[in-house]
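Visitor: Structure incoming, see below.
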Amino acid sequence: MAKKGSGGGAVGAVVFAGLVMLASIPKGAWITIGVIAFIGWLLYALASGKSENKNAQPPAAAPRQPTYRPPPNKAQAPVFRAQQHTRAPEEPVSVARAPVASSYSVPKASGRGESARWVAPGESVTIAGTSIAGGAVYVGSKLPTPSGSNDPALIDPSLPVARNGDYTQRSFGYWPSYSDLQPAARRAYLNWLAGGRKDPRADIGYVFLFFYGLERRAILDAPKIEGGQKDWDFIASELRRLLGIYRGNHSFNGYASKLLAWVNLATYSKHLYQQPLPDYEKTWEVPLHLRLVLGQCALDQVPVPAHIALAWARHEPNVAMRTPAVRCAEQFDELFKRTYQEAFNDGMVLPVNKTKLKLVYTPASAGFHGCGTVNLTFGETPDVSVLAGPVKKLQDIVEASTKELEGFSRFVGRNPTQAESLDALLLLPPTLWPEAVQSKLRDLKAHADKGMVIMRLSSLLDEFGYTSAPTKDKLASFARALEAMNLGLEPDILGGAKAPKLEETVVLFATPVHDVTSRSSPAYQAALLTLELASAVAAADGEIGPEEMRQLRTQVEGWTHLTPANQQRLRAHMRLLMDEPVSLTVLKKKLEPLEAGAKNAIAKFMAVIAQADGKVTPAEIKVLEKVYKVLGVDPKNVFTDVHAAATAAAAGATATPVAHAAGAPEPATAASPGFRLDETRIAALQRDTEQVSALLSNIFKEDDVVPGAVPAQEEIASADEQHAGKASAPAGLVGLDEAHTAFVRLLLSRPSWSRQELLDAAEDLQLMLDGALEQINDASFDVHDAALTEGEDPVEVNQDILEKQVA
Amino acid sequence: MNAPIKAKDKDAVVQSLRAGVVPRVGQHLIQVGRTKEIQTLVGDIDRIAEGGSTFRLVIGEYGAGKTFFLNLVRAIAMEKKLVVASADLNPDRRLHASGGQARSLYAELMRNVATRTKPDGGALAGIVEKFIASSKMEARAAGQETEAVIRQKLEHLTELVNGYDFADVIAAYCRGFEEGNEQLKSDAVRWLRGEFATKTDARQALGVRSIVDDSAVYDQLKLLARFMRLAGFSGLLVNLDELVNLYKLANTQARNSNYEQLLRILNDSLQGTAVGLGFILGGTPEFLLDTRRGLYGYPALQSRLTQNTFATGGLVDFSGPVVRLSSLTPEDFYILLQKIRHVYALGEPNAYLLPDQGIASFMEHCANKLGETYFRTPRTTITSFVNLLAVLEQNTGADWKQLLGGLEVAPDTGGDSDLKVDDDSDELTSFKL
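Chains as they are written, first to last, in the working numbering: chain A, -17 to 789; chain B, 255 to 687.
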């Protein structure tokens, strides 16, 4: 920034001429001349330093009443000060706390007066015949800067103005000042102003010239007057307007943005984070306002809300935003907030670091020369943007969010028009879906909460405006989307099931949690297979009846080694199997990796299922045989197992769920101790056995000598009465005719007979031996519960009866 | 359980068990559980006694106790004054055949006709004589010819197949007795037993034109059932075991005609056309369930044999023709061993040769030696147990714990042959102390 000194050139020429003359002076005089020259320069330097100090003094002098009052809200006046940049030890110049009503207030005098006035925005003023409508300029002849000279922005109407001027041409140096302009340039400036300060072709120098005025007003004058807020507001809007036009100039962009930030923060609330954030311009650093907000969060130890974190992430230059974050900004923002909240709940709590937040404003105007930078500080509010930790965290969240968006972003990149289609949505996390789609999902969920929803895949997809047959990937993401809503979908595409066709049935059900991992466990897989096999068996008789269904459900509920979510899914799967049974050939492949023990258990379970409806049809047996074959179990076991199932059912034992069908270890029935008896079962059996003993003993009346004898005697007595007059029956045998009775008497006379002897005796009595013995023994059984004779040849007479008879 | 047990019953039971066969008497002493099944069969027997007809398939695994159950039922039936005819089917004895195998089955049944007084079989002659004797009594009372009374009594048998000839044969027996013609009597019994192979022989011997041949077996049984009632018995129970032999028939036609015969029997019993006749048949699950060779392969039978649809989940219906016996569990086995010990001690708890713990140890020993299924095929293990008891009985000082360690038990593999077709290997069981 070379300063173009006006007097510098003349001094140089004089010095040069002097040097030429001195060249001829003899050597001896050189030292004297050198010393004198040095002293002279030293004196000059001291003198000029003093004069500068004198000029700087007045504004810095004694404390004065501030005219600026804080607005009624909690707004706070920032402390801003202008710092002298040259001589270090000198006091900084405070421009804020020491405003004096008189010293810099808008001169009341007219434009031609001594001091300049601020032409209020909107007020028009005519200069050199040109009417400037917009106002917002200083007009007058005297407007001192802190360094004492006239402000470069001041339009002095007394200065000559050329008739023509072209504001697209630059005709002045780097730091323009209205007073120093050529008359033609003044004309150009006035023209630009009159044209509404908006011609984009204008040379940036003119814009700066105007900007100087705004800058002065904002920093030096506005804080000192009442209603300065109004000026700041105007200046802010004017700056935004100008930025809109002249942003292309980096220099202007930089200054104007900075000033805008300055103006914006000229007043601020203590709890900015409670207010909505303004729209920040894209800058190369975190906007000051945002930093202030963040700083306040840190100061108050308030968690940074998601939207503020998002703004931070978006404006933090150290956070890299990849294409998806930019292309799908809306979804990204949503996702970012969600991820952020997942990571930090209410938000990050920032540490209060030592670096205090301050706005270092380097004024553009030459009028501030000598003031150095103007700083705006915010009390103890730290500048958290210097921290690396939070930025790293933000970056992580951005990265995570971006990753989720990648698919969607690519799709939208290729098909910009289909951003709303299901195809596109499927690539998005469902929480980011448009409200209409989400509400449909919610409806579906509400339905599923009441009970399983069974529908065709096509009608399900129709709901979401999808008509063509989706690819498996699409369906998988759809299923994932449903799952994210705690809606399970069967067939389990995520678990590796074949994608259903459009016309096939799907089952939607409410699932407590969504976990795909537990479904890959061997236990679940085995259970699933079992169920599929079971349905194949149950469906063998044409359809799965309600009883078979009930049995299957009982089984599923008995598999307590599965999580409730898994059981829920199995139930849904079962429902699906009713409509879409699986073929055995499909199952065969799946079954191969199972262990032999598990296969056996599954086979047994199948038999139980087939038996469940109370009848086992030949068709079911045939399917069972196939199943056994598929399982690699000997099909002959079918009969054994079906039989066992049938007897178990008949015994009233509710079929024990085959909990171990599914790879779960068998409970230690035959395991390590090798041997164990079920006491309760023994007790039950003993009761049953006693029952059966009682039943049988009624039939097989024991020949009880003591208790049994009494009824026998009675019987004899009553029989005797009936056959009154007859000889008392031998051996108590009654109801026999005379011949038989005589034969019995004969028999009782000897303990043993040969057959021939008896044959002869029988013939004498006109009896047939075998028939007679049969009849006698039968009668004997009735009375004594034992036959009278035993054996064929010889025939033995029962000694017990014989003894009784004798007695 | 506290009733004393007769030494005779004990011996019968123990000897049978020791030989590895089912006891023919005293089964009720060692019956474990199965109340409902037994009640069902008792109901059947009562129905037969009332003149009804029944048909039961007793289905159980090898070792589940089918034969035991059948024998128990047989004993109950005899106790209830039924005549019981029992036979095991085998390749030479079938329900239907053309080469004399059916007649062979019939002959076997008749040889084994048993009553309460003759529980070991051979009761046929006695029954016939009993009938004739009662006829004689009536004849005397009415002053008629005995033969006339017999003919009159057998009048309504003549409507059945072979009915006339049957009456003739009974009359011939009566004549043989009255005339002292032993030859005639034995010819008559031979005819009744189905031992005449040709009609010519029968005609020459008895003057009848027919014999009990393969095709007339079931009709003859129906005839006999009515005759038994006339002879003063409650009815006839036909007890057929090892029906798996039908399943084992390799020839489809032969198998099916046997099943057809079963169907006929079943239909008759369901329709009540047979009088006082009951069938009880023992078979294995595959005999029932196999869809190619079992009863399930024969649709007409299958549809009549399927269970009651409503009898599930703890509800029991034994009105269906199939009674299923579950295989033994260790607990069943435990109680069975207790019962055997009880019988061995003649029902006297003080005389137990082995404490409960000893039974458990014995089972554990078997489990270790034979694996966990020892109790499902209990034949050999029961034999070992009885042997153990015998040793303990004879050596009063012996410690069961020591004996147990050296006890050998052999696996029972007899069931394997059930699944083989036409394989007639003998069951070999072995034990050693």
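Just so it is clear, CB atoms sit at the ideal spot from N, CA and C, and this is done for glycine as well.
1. What are the boundary residues of the alpha helix (DSSP H) that includes S762/A?
2. List the residues of chain A that V286/B touches, going by C-beta distances under 7 Å, in chain order.
3. Apply the 10 Å Cβ neighbour rule to K432/A and answer buried if 16 or more other Cβ atoms are within range, or exposed otherwise.
4. Can you round the beta-carbon distance between L544/A and A492/A to whole angstroms, since I take them to be within the 8 Å contact cut?
5. Closest by CA to S511/B, which one among L555/B, P584/B, S270/B and V529/B?
6. Taking the alpha carbon of G530/B as the reference point, which residue from P258/B, G280/B and G306/B has its own alpha carbon closest?
7. Please report whether the beta-carbon of E401/B lies at a distance below 8 Å from any beta-carbon of chain A.
8. Tell me, please, whether the CB atom of R370/B is closer than 8 Å to any CB atom in chain A?
9. Leaving out five residues on either side along the sequence, give the residues of the same chain with a beta carbon under 8 Å from the beta carbon of T563/B.
10. Go ahead and label D782/A buried or exposed: buried means 16 or more other beta carbons lie within 10 angstroms of its beta carbon, across all protein chains shown.
11. Taking I594/B and V645/B to be in contact with their CB atoms under 8 Å, please state how far apart those CB atoms are, rounded to whole angstroms.
12. When the Cα atoms are used, what is the spatial distance from F541/B to A379/B?
13. Among the candidates E388/A, S736/A and R320/A, whose CA atom is the shortest distance from the CA of A307/A?
14. Where does the unbroken alpha helix (DSSP H) through K570/A begin, and where does it stop?
15. Between K334/B and I681/A, is the Cβ-Cβ spacing less than 8 Å?
16. Taking 6 Å as the limit between beta carbons, can you name the residues of its chain near D422/B, skipping five residues before and five after?
17. Which residue wins for smallest C-alpha separation from G317/B, given the options W654/B, Q648/B and T631/B?
18. Could you tell me the distance, in whole angstroms, from the CA atom of R518/B to the CA atom of R558/B?
19. So what does DSSP say about D455/B, is it helix, strand or coil?
20. By the criterion of Cβ-Cβ separation under 7 Å, what are the contact partners of F616/B in chain A?
21. Please state whether DSSP places N357/A in a helix, a strand or coil.
22. Going by the CB atoms, is the gap between H722/A and Q668/A shorter than 8 Å?
23. Whose Cβ in chain A lies nearer than 8 Å to the Cβ of R578/B?
24. Note down the Cα distance separating S340/B from A361/B, rounded to an integer number of angstroms.
25. Tell me which residues share the same chain as L569/B and place their Cβ nearer than 7 Å to its Cβ, disregarding the 5 neighbours each side in the sequence.
26. Relative to the C-alpha of L254/A, which candidate in Q151/A, A311/A, T363/A and T150/A has its C-alpha closest?
27. Considering F491/A, what are the terminal residues of the alpha helix (DSSP H) in which it resides?
28. Could you tell me which residues DSSP puts in a beta bridge with I132/A?
29. With a threshold of 16 other CB atoms inside 10 Å of the CB of W23/A, please say whether the residue is buried or exposed.
30. Please classify V640/B: does DSSP put it in a helix, a strand, or coil?
31. Using a C-beta to C-beta distance shorter than 7 Å, which residues of chain B count as neighbours of M750/A?
32. Using only the alpha-carbon positions, how far apart do L281/A and V538/A sit?
33. Check whether the stretch 494 to 511 of chain B and the stretch 435 to 453 of chain B are in contact - that is, three or more C-beta pairs closer than 8 Å.
34. Would you say the stretch 332 to 339 of chain A touches the stretch 290 to 300 of chain A, given that touching needs at least three Cβ pairs under 8 Å?
35. In the DSSP output, which residue or residues are listed as bridge partners for P528/A?
36. Let me know the secondary structure DSSP gives L404/A once reduced to three states.
Guide: Let me lay it out:
1. L751 to H766
2. L667 and T671
3. exposed
4. Wrong, their Cβ atoms sit about 17 Å apart, outside the cutoff.
5. L555/B
6. G306/B
7. no
8. yes
9. Legend: pLDDT at T563/B = 44, less than 50; position of this residue unreliable, value from coordinates given subsequently. Excluding residues within five positions, none has a Cβ falling inside 8 Å.
10. exposed
11. 14 Å between Cβ atoms; not a contact.
12. 35 Å
13. E388/A
14. L566 to L573
15. yes
16. V462
17. T631/B
18. 12 Å
19. helix
20. Simply none; closest approach about 10 Å.
21. strand
22. no
23. H625, A628, T629 and A632
24. 11 Å
25. Residue placement at L569/B cannot be trusted, given a pLDDT of 43 that sits under 50; what the coordinates show is reported in the next sentence. Correct list: empty, nothing qualifies.
26. T363/A
27. It is not in any alpha helix (DSSP H) - F491/A instead sits in the beta strand (DSSP E) that spans T487 to A492.
28. It should be pointed out that residue 132/A corresponds to Asn in this sequence rather than to Ile. Paired residue(s): P126/A.
29. exposed
30. helix
31. E383, I386, A387 and F431
32. 57 Å
33. no
34. no
35. Paired residues: none, contrary to the question.
36. helix
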